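> These protein sequences, in sequence, are chains E and B.
Sequence positions in the first sequence follow numbering that gives the first Met the number 0 and run 0 to 281.
Sequence positions in the second sequence follow numbering that gives the first Met the number 0 and run 0 to 274.
Just so it is clear, CB atoms sit at the ideal spot from N, CA and C, and this is done for glycine as well.
This one's a predicted model, so the numbers in the text were calculated from it and none came from an experiment.
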Amino acid sequence: MFSRAYRAAITLPPLLWVAAFLLIPYALLFCYSFWSVSPEQAIVHSWNLDNYRELFRVNVYLQTLFRSMWIAARVTIFALLLGYPLAYFLSFHAGKRKDLLYQLVIIPLWVSYLVRAYAWKTILGSDGVLNTLLQYVHLTKHPLEFLLYSPFAVVLTLTHIYTPFTFLPIYASLEHIPRNLVEASHDLGASPFQTFWRVIFPLSIPGVLAGATFAFVLSLGDFLAPLLLGGPSGIMISNIVVSLFGAAYNWPLGAAISLCMLVLVIGLLFLSENLEKKWSFR
Amino acid sequence: MSAGSRAARESRWLPWHAIAVFAFLYLPIVTLIVYSFNGQGVGGFPPRNLTLDWYRMLFADDAIWASVLNSLLVALVAVAIALVFGIPAALALDRANFPGKAAFRRLVLLPLILPGIITGLSLLMLFRQTDVKLSLVTIVLGHGTALISVATTEVFAGLQKLDRAQEEASLDLGANYWQTFWRVTIPNLRLSIIGAALLIFTLSMDEIAVSFFLIGRDNTLPLEIWGRLRRGITPEINAISSIIFVFSLVAIVTWYRLRVGAEGQPEIAAELLET
Numbered sequence: 000m001f002s003r004a005y006r007a008a009i010t011l012p013p014l015l016w017v018a019a020f021l022l023i024p025y026a027l028l029f030c031y032s033f034w035s036v037s038p039e040q041a042i043v044h045s046w047n048l049d050n051y052r053e054l055f056r057v058n059v060y061l062q063t064l065f066r067s068m069w070i071a072a073r074v075t076i077f078a079l080l081l082g083y084p085l086a087y088f089l090s091f092h093a094g095k096r097k098d099l100l101y102q103l104v105i106i107p108l109w110v111s112y113l114v115r116a117y118a119w120k121t122i123l124g125s126d127g128v129l130n131t132l133l134q135y136v137h138l139t140k141h142p143l144e145f146l147l148y149s150p151f152a153v154v155l156t157l158t159h160i161y162t163p164f165t166f167l168p169i170y171a172s173l174e175h176i177p178r179n180l181v182e183a184s185h186d187l188g189a190s191p192f193q194t195f196w197r198v199i200f201p202l203s204i205p206g207v208l209a210g211a212t213f214a215f216v217l218s219l220g221d222f223l224a225p226l227l228l229g230g231p232s233g234i235m236i237s238n239i240v241v242s243l244f245g246a247a248y249n250w251p252l253g254a255a256i257s258l259c260m261l262v263l264v265i266g267l268l269f270l271s272e273n274l275e276k277k278w279s280f281r
Numbered sequence: 000m001s002a003g004s005r006a007a008r009e010s011r012w013l014p015w016h017a018i019a020v021f022a023f024l025y026l027p028i029v030t031l032i033v034y035s036f037n038g039q040g041v042g043g044f045p046p047r048n049l050t051l052d053w054y055r056m057l058f059a060d061d062a063i064w065a066s067v068l069n070s071l072l073v074a075l076v077a078v079a080i081a082l083v084f085g086i087p088a089a090l091a092l093d094r095a096n097f098p099g100k101a102a103f104r105r106l107v108l109l110p111l112i113l114p115g116i117i118t119g120l121s122l123l124m125l126f127r128q129t130d131v132k133l134s135l136v137t138i139v140l141g142h143g144t145a146l147i148s149v150a151t152t153e154v155f156a157g158l159q160k161l162d163r164a165q166e167e168a169s170l171d172l173g174a175n176y177w178q179t180f181w182r183v184t185i186p187n188l189r190l191s192i193i194g195a196a197l198l199i200f201t202l203s204m205d206e207i208a209v210s211f212f213l214i215g216r217d218n219t220l221p222l223e224i225w226g227r228l229r230r231g232i233t234p235e236i237n238a239i240s241s242i243i244f245v246f247s248l249v250a251i252v253t254w255y256r257l258r259v260g261a262e263g264q265p266e267i268a269a270e271l272l273e274t
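1. Between B/Leu275 and the rest of its own chain, which residues show a CB-CB distance below 7 Å, the 5 nearest in sequence each way excluded?
2. Can you find the residues in the same chain that come closer than 8 Å, C-beta to C-beta, to E/Ser45, ignoring five residues on each side of it along the sequence?
3. Beta carbon of B/Phe58, beta carbon of E/Val110: below 8 Å?
4. For E/Asp221, count neighbouring C-beta atoms within 10 Å of its own C-beta (all shown protein chains included) and say buried if the count is 16 or more, exposed if not.
5. Can you tell me which of the three DSSP states E/Val43 falls into?
6. Give a yes or no on whether the minimum CB-CB distance between E/His159 and chain B is below 8 Å.
7. From B/Arg256 to B/Leu82, what distance separates their C-alpha atoms?
8. Would you say B/Phe97 lies against chain E (beta-carbon separation less than 8 Å)?
9. Thinking C-alpha only, which one of B/Pro87, B/Thr118 and B/Leu197 is nearest E/Phe20?
10. Just the Cα atoms here: how many angstroms apart are B/Met124 and E/Leu54?
11. Provide the residue(s) that pair with E/Ser35 in DSSP beta bridges, ordered along the chain.
12. Does B/Gln39 come out as helix, strand or coil in the three-state DSSP assignment?
13. Tell me the DSSP secondary structure of E/Ser90 in three-state form.
14. How would you list, in chain order, the residues of chain E whose beta-carbon sits under 7 Å from the beta-carbon of B/Ile242?
15. Which residues in chain B sit within 9 Å of E/Met235, going by Cβ to Cβ distance?
16. Go to B/Glu206, then tell me how far its alpha helix (DSSP H) extends in each direction, as first and last residue.
17. With a CB to CB cut of under 8 Å and the five nearest residues on each side skipped, what residues in its chain are close to B/Leu272?
18. What are the boundary residues of the alpha helix (DSSP H) that includes E/Phe145?
19. For a test of the three-state rule: what should DSSP assign to B/Phe97, helix, strand or coil?
20. Considering only the beta carbon of each residue, do B/Glu235 and B/Ser191 sit closer than 8 Å?
21. Note down, in chain order, every chain B residue with its Cβ under 7 Å from the Cβ of E/Asp221.
22. Would B/Ala17 pass as an interface residue toward chain E - the criterion being a Cβ-Cβ separation below 8 Å?
23. Could you pull out every residue in the same chain whose Cβ sits closer than 7 Å to the Cβ of B/Met0, ignoring the five residues on either side in sequence?
24. Give the straight-line distance between the Cα atoms of E/Leu113 and E/Arg6, rounded to the nearest whole angstrom.
25. If you draw a straight line from the C-alpha of E/Asn273 to the C-alpha of E/Phe200, how long is it?
26. Return the residues of the region 43 to 77 of chain B that lie within a Cβ-Cβ distance of less than 9 Å from chain C, sorted by chain order.
27. Where E/Leu146 and B/Arg163 are concerned, what is the direct C-alpha to C-alpha distance, given to the nearest angstrom?
28. For B/Val149, return the contacting residues in chain E, with the cut-off set at a CB-CB distance below 9 Å.
29. Relative to the C-alpha of E/Glu39, which residue among E/Asn249, E/Leu228 and E/Gly94 is closest?
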């Protein structure tokens, strides 16, 4: 029903724009990672693998990458532990309040990221709200120093930020489960426990995978929460990239690290997509 | 144990878990707002000497308001760019076939799933290679491009509900494609488009990871706040954050109502994962 000209008119402008401002930049990232910096701080366009060798030679890069993955993994687990039961409660037990509660979950999702990270800073600091509260009720005599400027603070803040992200796809997958399947399981004598583990949970796995991927990927690449709350022990891989693009001035090495991140992220997305398909009964 | 009592036990701990999660989600927001009225600064329990001084200070702070103005400007242009390219992109994904369509879809959606630092850095390299000076314009280009993904997913979701018979009728009755697009397609997608615009506006106002790398001399609001956080914190930041919170709240609730109106309960991210 749509003419060739119509299809060209809706396809070409976005295609060209996206090519110019997404495809070419990502390709440039790839190119930069094979270039180098001269002592006069100019970018040298000679192709070599030095940046990647450097990456594997200097321990701090891989160590920080693994620490970031470990932080992201903890965030993912906590976000699932908070998000899944909440999604299940909303979908199966919330009754008429479902709609209101759903809105209550998505509101923090769109509230400024920076504002929420900052709020945690004011809560966790050594004269922050939590420490002064603990001293006020005489639970502690001195401020607890490990609360702020630690991986703990980063994990807590990122969990706070990505729990609603994790909740959303899980909730969507739970909502898509035909209720007569659940009823059939009850009618055939399964206990609620069995119904959950043998009917509901398997059907919600695509949502769990999607939510976990979101939480892991987005927290893996975060650099603002570690800068604000992480302290020296909470440094993540993106912080190294930021410093390489700033004071340390080595864009090509920064590009190489970013490209490794990009490959890791795309690999994860690909893996989770395939697993989702495998578990998808729709 | 009987099935019934287990069900009862399950429904007993689930509400408590939900309450705990909501408390966790809202604790920082509530703290932020309460301490924006605290005379003693950002910490210290209990809050005391309630005051509006921080708001007064905020309203006299020209640098903040200049950055608010910059952010509004950036967000408006970003909405325009994202819609101008995102609506056709959604239409193309819905009704055109072209080589590389699957790759195109993935590429458009990538900035939504990718950590902002990667998109920000890649654009920084583009602007450096082409000798474009960093300014609000580069931030606008970054936001607009990254948020095409939001426009595309929202409008694509709206298109799934659209009855194509109306467009067919319009074409059969002699309207050309251009007229049909403006008089039938766009009005039918109205709610999705307004919803997308609201969402893009809010996200752009708050965006920091991409802006961080593309900033020139003029700050956007989040970067202005970021700069101050590095220097030390005052409840003035709580005050501006509380105001932003109220505005995002209004935007989000409005967006939600529009989406419910357009297609029942909205599922952010759900259709993204299904594409």
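Once the coordinates are examined:
1. Missing from the structure shown is residue 275 of chain B; chain B here goes from 0 to 274 and no further.
2. Cβ within range, chain order: Trp34 and Ser35.
3. The criterion of a C-beta distance shorter than 8 Å is not satisfied by B/Phe58 and E/Val110.
4. If you draw a 10 Å sphere on the C-beta of E/Asp221, you find 16 or more other C-beta atoms in it, and that means buried.
5. Of the three classes helix, strand and coil, the one that applies to E/Val43 here is strand, per DSSP.
6. At a cut-off of 8 Å between C-beta atoms, E/His159 counts as an interface residue with respect to chain B.
7. Inter-residue distance for B/Arg256 and B/Leu82 is about 20 Å (C-alpha atoms, whole angstroms).
8. Taking a beta-carbon distance threshold of 8 Å, B/Phe97 counts as an interface residue toward chain E.
9. With distances taken between Cα atoms, E/Phe20 lies closest to B/Thr118.
10. Taking the straight line joining both Cα atoms gives about 20 Å.
11. E/Ser35 is bridged by DSSP to E/Val43.
12. Coil.
13. Three-state DSSP puts E/Ser90 in a helix.
14. In chain order: nothing, as chain E lies at least about 10 Å away.
15. Within 9 Å Cβ-Cβ: nothing; E/Met235 doesn't reach chain B, min ~10 Å.
16. Note, B/Glu206: premise wrong, no alpha helix (DSSP H); not H, not E.
17. With a pLDDT of 44 at B/Leu272, under the threshold of 50, the modelled position of that residue is not reliable, and the figure given next carries that caveat. Around B/Leu272: no qualifying Cβ.
18. Unbroken run through E/Phe145: none, as it is neither H nor E.
19. Residue state for B/Phe97 is assigned as coil, using DSSP reduced to three classes.
20. In this structure, B/Glu235 lies away from B/Ser191, with their beta-carbon atoms at least 8 Å apart.
21. Going along chain B in sequence order, the residues near E/Asp221 (Cβ under 7 Å) are Pro114.
22. When Cβ-Cβ separations below 8 Å define contact, B/Ala17 makes contact with chain E.
23. Confidence is the limiting factor: at B/Met0 the pLDDT is only 41, short of 50, which leaves the residue's position unreliable, though a coordinate-based value still follows. Listed in chain order, the non-local C-beta contacts of B/Met0 below 7 Å within the same chain number zero, local neighbours out to five positions each way being set aside.
24. If you take the alpha carbons of E/Leu113 and E/Arg6, they lie about 41 Å apart.
25. E/Asn273 and E/Phe200: Cα-Cα distance of roughly 18 Å.
26. The chain labelled as chain C is not found among the protein chains of the depicted structure, namely E and B.
27. Rounded to the nearest angstrom, the two C-alpha atoms are 57 Å apart.
28. Correct list: empty, because the minimum Cβ distance to chain E is about 11 Å.
29. Selection E/Asn249, E/Leu228 and E/Gly94 evaluated against E/Glu39 yields E/Asn249 as nearest (Cα-Cα).
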